[in-house]
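Protein sequence lines, in the order shown, are assigned to chains U and S.
Take the first sequence: its position 155, counting from 1, is numbered 155 in the numbering used here, and each next residue is one higher.
Take the second sequence: its position 28, counting from 1, is numbered 28 in the numbering used here, and each next residue is one higher.
Think of the CB as a built atom: it goes at the ideal place given N, C-alpha and C, for glycine as much as any other residue.
First up is the structure itself, then whatever we jot down about it.
There are 2 protein chains.
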Amino acid sequence: MRFPAKIYIRLPGRLKFPFVREGVQFYTSRLKHYIKLELEERKAPSKGKEAEMIKQTEARALLSGLDPSTKLIALDERGKSFGSLEFAQFLRKTLETAPKLCFVIGGAFGLAEEVLLKADHRLSLSHMTLNHELALLVLLEQLYRAFTILSGEPYHK
Amino acid sequence: MRFPAKIYIRLPGRLKFPFVREGVQFYTSRLKHYIKLELEERKAPSKGKEAEMIKQTEARALLSGLDPSTKLIALDERGKSFGSLEFAQFLRKTLETAPKLCFVIGGAFGLAEEVLLKADHRLSLSHMTLNHELALLVLLEQLYRAFTILSGEPYHK
C-alpha cells in the first residue's frame, strides 16, 4: 500500500556515526515502498558551547524553508508516547489531512522551545534521553513498523 | 570510575543486522572503561513458526546456565519505564547488591511469561515495540549514559 504524502525528517548537522548511517539506509530503502521520504541533515553553524545558543541556532536550521502546509512533529522525551499500533493510527490520520509531514529531531541538547511551540504534535519515543542519532533509527523503525501495520503486512508481532 | 560487577546481556540467536553489530562494538568498547560486559547471543534452535513455541525455546536458551547470584532484568515494553537519570540510580543500587546482572532481550515475539516471572525487574525502554536488535542498541546507549552520569562525566545533557 502506497501513501501519497511525503515525510521529511530533519535533524541538525550531519550524522556522525557510520553505523547509524548504515541503519538509516537499511530502513529508508524499505520505507520507499510505502511513501516518499527525505532525510534532511540541516547545517547548523556552531555557535559556541552554551546550550541555549546551540538550540537557537539549530532551531533556525530546522525550521527554515518549511512549507506552511507541512505538519510538524517534534521529537521530545516529554511529548506524547504511543504504543506501536497507536502510532500507526496516529500516522494514518495525520497523513489523511496533511500532504507533507516533517519530523524534527534536536541535537545533543534537545529542541529549542520555539520548535516545540511551533510543532503540531510532540512525540516521545522513550522516557529515556536517547542520543539523537539513535532516536532517528528508532523513529525510522517505528515508521516502517507503522506502514507494515497499515498495509496489513506481518512485520509487527 | 570502574564498577566491580559484571553485566551480561543475553538475546536469542545471532544478530542479523550488520549496522547493529557495528553499533554494539561502538558502545561495548566505551562501556569497557566502566564495567565488565559480555554480550551472549544464545543459540535457540528453531521450533516452527508458532509464537508460543518459539518463545519457549528462546526462554530455555536465555535462562540456561545462569548463575543463581545473578540479578535478572527482563526487557519488556509493559515493564517499568525510567528516565535516564532514574535508570542510572536504579543501576547503581542494583550493582551495589549484585555482583552479576543479566539483561535479557526477547526475539521477534518478545519474552516468554516464564522469563518475565523469573526476572527480578522488568524494564521498558519504550512504549513502542522495538525490533529486538534496536532495543539492544538503545539499552547499550542507556548503560553508557548511566555510567557517565554515575561517574560525573559530561555525556548526558
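query: Sequence-distant residues of the same chain with beta carbon closer than 8 Å to arginine 30 of chain U, five excluded per side; result: Tyr144
query: Residues near alanine 135 of chain U by beta carbon distance below 7 Å, same chain, minus five either side; result: Leu75, Ile105 and Leu125
query: Coil, strand or helix - isoleucine 73 of chain U by DSSP; result: strand
query: Those runs of the alpha helix (DSSP H) which lie wholly inside the region 45-133 of chain U and span at least 4 residues; result: 51-63, 84-97 and 113-118
query: CB-CB length for lysine 100 of chain U against tyrosine 34 of chain U, believed under 8 Å; result: The pair is not a contact, with the Cβ atoms about 15 Å apart (cut-off 8 Å).
query: For leucine 15 of chain S, three-class secondary structure by DSSP; result: coil
query: Those residues which DSSP pairs with isoleucine 9 of chain S across a bridge; result: S/Leu39 and S/Phe103
query: Distance, threonine 129 of chain U Cα to glutamate 77 of chain U Cα; result: 7 Å
query: Reduced DSSP secondary structure (H/G/I, E/B, other) of glutamate 153 of chain U; result: coil
query: Rounded distance between the beta-carbons of leucine 11 of chain S and histidine 132 of chain S, thought under 8 Å; result: 6 Å
query: Sub-9 Å separation of alanine 98 of chain U and serine 64 of chain U beta-carbons; result: no
query: Buried or exposed (CB count within 10 angstroms, at least 16 for buried), leucine 137 of chain U; result: buried
query: Span separating the alpha-carbon of leucine 62 of chain U from that of arginine 42 of chain U; result: 6 Å
query: Classification of glutamate 96 of chain U by the beta-carbon crowding that lies within 10 angstroms, buried from 16 upward; result: exposed
query: Inter-residue spacing [alpha-carbon to alpha-carbon] between proline 45 of chain S and lysine 55 of chain S; result: 11 Å
query: Residues of its chain near serine 84 of chain U, where Cβ-Cβ distance is below 8 Å and the 5 sequence neighbours each way are ignored; result: Gln142, Arg145, Ala146, Ile149 and His156
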